[in-house]
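In terms of my numbering, the sequence shown opens at residue 2 and continues consecutively.
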Amino acid sequence: LEKEELARIKEKLKGVKNKSLQPVLSRILIKDKKIKKERPPEP
């Protein structure tokens, strides 16, 4: 993921009140990016 994309994801997650949903949403967003780019996520 590009640093800008990660920052955008973090901004989206900030708006989520339920902390337990944050890891789930981030996983979904990262998986979505992986499918589009077809490249492994960076650590």
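By construction, the Cβ of each residue, glycine as well, lies at the ideal position given by its N, Cα and C atoms.
Excluding five sequence neighbours on each side, which residues of the same chain lie with their C-beta closer than 7 Å to the C-beta of residue i?
i, result
"Glu-6", "Lys-34"
"Leu-14", "Gln-23, Leu-26, Ser-27"
Quick check on DSSP: helix, strand or coil for residue i?
i, result
"Glu-3", "coil"
"Ser-21", "coil"
Can you find a C-beta in chain D that's less than 8 Å from the C-beta of residue i?
i, result
"Arg-9", "In the displayed structure, chain D is absent; only one protein chain is listed."
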